[in-house]
Amino acid sequence: MRVKFAAIGLALLAVLGIGTAGATSDRGPGPASRLDLVQHRGEIRVCSTGDYRPFTYRDPATGRWSGIDVDLAGDLAQRLGVRLTVVPTTWKKLVDDLGRACDLAMGGISVTLDRAKRAFFSTPYVRDGKTPITRCENAERFGTLEQIDQPGVRAIVNPGGTNEQFADANLHRATIVRHPDNNTIFEEIIAGRADLMITDATETRWQAKQHPELCAVHPDRPFTFAEKAYLLPRGDVVFQEFVNQWLHLAQNDGTYDRIAKPWLG
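Using numbering that gives the first Met the number 0, the first residue of the sequence shown is number 0, and each one after it goes up by one.
What follows is the structure in structure tokens.
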């Protein structure tokens, strides 16, 4: 009878999906978490678009990477004891490349519900929101969405990300100019081929510092609320918890401030 009851008990466990010690995972052999895979491989692969300063930038001439999140990726790799490889991606391919080409994505990524359907986010590390940037002589003209959404106003956007989504949702009378290269998009405004761009307040502040001709319009009072975080493969709680713990320590031991200060002041 004891044998019979034991067999019934094991059958119930199998039906309920509760494994026993030493049971083989449905995922087959291999590391249980990407955290184990990264350490076994001796390399962490980080996807980044390379076109969103001050968070990430890839020099088209040299291929060299720089930015706050690139430096933080290096710190993450160092604390893991592995080498860092930065994998180029685009905003349109970002979620698709995650888990296939790279272990996580970094580079000023806004937290959105659409992305959260397909991936995990780390703890947010920047609070942000959409606000205009324009030539300084036009700053008074573009303080509200009503002022911006007028016939003849040219709002430039980079395709594939939250900037384009915001413009499509809020601008119906203005002309939306889609510019494929986010590294040169602000030069279009300076040259007069576009009137403004609506992007994250952090980016407007940084670009205004680089280009005296441009002014960030009320970056302390953006149109929207948003946060930035790192993107991780969906379902891997172990890896997510490690990245969260690393980020928490970096924000409280001086690492984040040391890395961000040269970029943001």
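Just so you know, even glycine gets a beta-carbon here, dropped at the ideal spot from N, CA and C. Every value quoted in this text rests on a predicted model; they were computed, and no experiment measured them.
Can you give me the C-alpha to C-alpha distance between Gln-244 and Pro-123, rounded to a whole angstrom? The residue you call residue 244 lines up with position 245 of the sequence shown. The residue you call residue 123 lines up with position 124 of the sequence shown. Cα to Cα, Gln-244 sits roughly 12 Å from Pro-123.
From the DSSP secondary-structure annotation, give me the bridge partner or partners of Ile-351. Residue 351 lies beyond the range of the chain shown here (0 to 264); nothing can be said about it.
Go to Asp-127, then tell me how far its beta strand (DSSP E) extends in each direction, as first and last residue. Taking the sequence shown and counting its residues from 1, the one referred to as residue 127 is at position 128. Note, Asp-127: beta strand (DSSP E), 125-127.
Kindly indicate which three-state DSSP category Ala-190 falls into: helix, strand or coil? Here residue 190 corresponds to residue number 191 of the sequence shown, with the count starting at 1. Assignment of Ala-190 by DSSP, reduced to helix, strand and coil, places it in the coil class.
With a Cβ-Cβ cutoff of 8 Å, do Ser-202 and Tyr-56 count as a contact? Position 203 of the sequence shown, counted from the start, is the residue given in the question as residue 202. Position 57 of the sequence shown, counted from the start, is the residue given in the question as residue 56. At residue 202 the sequence reads Glu, which differs from the Ser that was named. No, Cβ-Cβ distance for Glu-202 and Tyr-56 is not below 8 Å.
Are Arg-153 and Asp-180 closer than 8 Å when you measure CB to CB? Here the question's residue 153 lines up with position 154 in the sequence shown. Here the question's residue 180 lines up with position 181 in the sequence shown. Contact flag unset, no.
Could you check the C-alpha separation between Trp-64 and Ile-147 for me, to the nearest Å? One-based indexing of the sequence shown puts residue 64 at position 65. One-based indexing of the sequence shown puts residue 147 at position 148. For the pair Trp-64 and Ile-147, the Cα-to-Cα distance works out to about 34 Å.
Starting from Glu-42, trace the beta strand (DSSP E) both ways and give me its first and last residue. Taking the sequence shown and counting its residues from 1, one reaches residue 42 at position 43. It spans 42-47 - the beta strand (DSSP E) in which Glu-42 sits, taken as one unbroken run.
Starting from the Cα of Ala-60, find the closest Cα among Arg-40, Ala-225, Gly-49 and give me that residue. Numbered from its first residue, the sequence shown carries residue 60 at position 61. That would be Gly-49, whose Cα lies nearest to the Cα of Ala-60.
Tell me the start and end of each unbroken alpha helix (DSSP H) in the stretch 190-225 that is at least 4 residues and wholly inside, in chain order. Complete alpha helix (DSSP H) runs here, min 4: 200-209.
Skipping 5 residues on each side, what residues in its chain have a beta carbon closer than 7 Å to that of Thr-198? On the sequence shown, position 199 is the one that residue 198 refers to. The answer, listed in chain order, is Lys-129, Ile-132, Asn-162.
Which parts of the stretch 96-122 are runs of the beta strand (DSSP E), unbroken and 3 residues or longer, counting only runs that do not cross its ends? Residue ranges of uninterrupted beta strand (DSSP E) with 3 or more members, entirely inside the stretch 96-122 and ordered along the chain, are 103-109, 118-120.
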